[in-house]
Each structure stands twice: as structure tokens, then as C-alpha cells.
């Protein structure tokens, strides 16, 4: 079978579909001081999954506020700096008006995913940490 | 703050793929 690390080089999704790949990518991102990009991407996916689970509206609101406070509110954070102002203000409105929608972070996740696909992921595939691993 | 960080961590972990 194809070794996992070869599959990781096929696409960002194939990398993020494997725990060992995620671990190695996170180690690389931490070296680049931008591990929040990956955590935010997973937090958005986890938030969307809540809809399918029987979790309370209160917990959804608490989580939406936690994601907003940790990754978007602080304009100096790596995630906040990469998301478009219009996307940030949409999320702020949702949190302030308590309009907690499962898809409220989708656009922000897409923008961060595009950044990773076009920038950090290709650099990771050329990084020492990945080449040493392979 | 702890409970917010715990909530975030739980959310991030819930989106992770299961160990193959």
C-alpha cells in the first residue's frame, strides 16, 4: 500500500485525514509560529459537527464565543490577520446578535484553508521536518 | 477561561480523524 507520507503529499485534505500527518504538520506550523491556523480550521469543522449532535443552544453559543474570542477578536492573531474584514464582521454580528448558525464560520474556514493550500502546505512538503520524516 | 479552553479543545478533537 502507498505509504501514508506519500498520500500526505497528494493534497491538504489527505494530510488532514491522517493523525500522524496532522501531528507532523502541527509541529511544522508551531516552528513557523502559526499553529493556530490548523487549530482554527479544526475548530470550525468541530463547530459545524455540533449541529448533528444533541448539544444545547447554550453550549453552541459558548463555543462560538470561545472561537471568536480566541482566533478573531484579537486583530494581531495569525488567524484574524488572514481573514477578510467582511468575514470577521459577519462572525462578530452573529455572536453579538446570538444568531448562532452551524455555518457561521464556514467562510472564515475556507479563507484559512485557501491560505494553507497555497502557502503553508507547499512549504511544509519542502520542509526539513517532512523530508526527514519521509 | 479554563472551561472555554476545554470547550475549544473538545471541539478541535471532535473534528480530528480517528487513529487508523
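Chains as they are written, first to last, in the working numbering: chain V, 1 to 134; chain P, 1001 to 1020. Cβ coordinates follow ideal geometry from the N, Cα and C atoms, glycine included. Since the structure is predicted, the reported quantities are computational estimates derived from the model, not experimental observations.
Setting aside the 5 residues that flank it on each side, residue 67 of chain V is surrounded in the same chain by 40, 43, 44, 47, 105, each with a C-beta closer than 8 Å to its C-beta; the list follows chain order. At a cut-off of 7 Å between C-beta atoms, residue 14 of chain V does not count as an interface residue with respect to chain P.
Residues of chain P with a Cβ closer than 9 Å to the Cβ of residue 19 of chain V are, in chain order, 1016, 1017, 1018, 1019, 1020. Taken atom to atom, the span from the alpha-carbon of residue 92 of chain V to that of residue 27 of chain V is near 30 Å. Looking at the backbone, the Cα of residue 86 of chain V and that of residue 58 of chain V are separated by about 26 Å. Taking a Cβ-Cβ threshold of 7 Å, the residues of chain P close to residue 42 of chain V are 1012, 1015, 1016, in chain order. Taking 7 Å as the cut-off, the beta carbon of residue 83 of chain V is found closer than this to the beta carbon of residue 108 of chain V.
Between residue 64 of chain V and residue 22 of chain V, the C-beta spacing is not below 7 Å. Residue 55 of chain V carries a coil assignment under DSSP once its states are collapsed to helix, strand and coil.
With contacts defined by Cβ atoms closer than 7 Å, residue 15 of chain V and residue 29 of chain V do not form a contacting pair. For residue 45 of chain V, the neighbours in chain P by C-beta distance under 8 Å run, in chain order, 1015. Interface flag for residue 9 of chain V against chain P is unset, since no Cβ pair is found closer than 7 Å.
For residue 63 of chain V, at least one C-beta of chain P is nearer than 7 Å to its own C-beta. Counting along the chain, residue 85 of chain V sits inside the alpha helix (DSSP H) bounded by residues 85–96.
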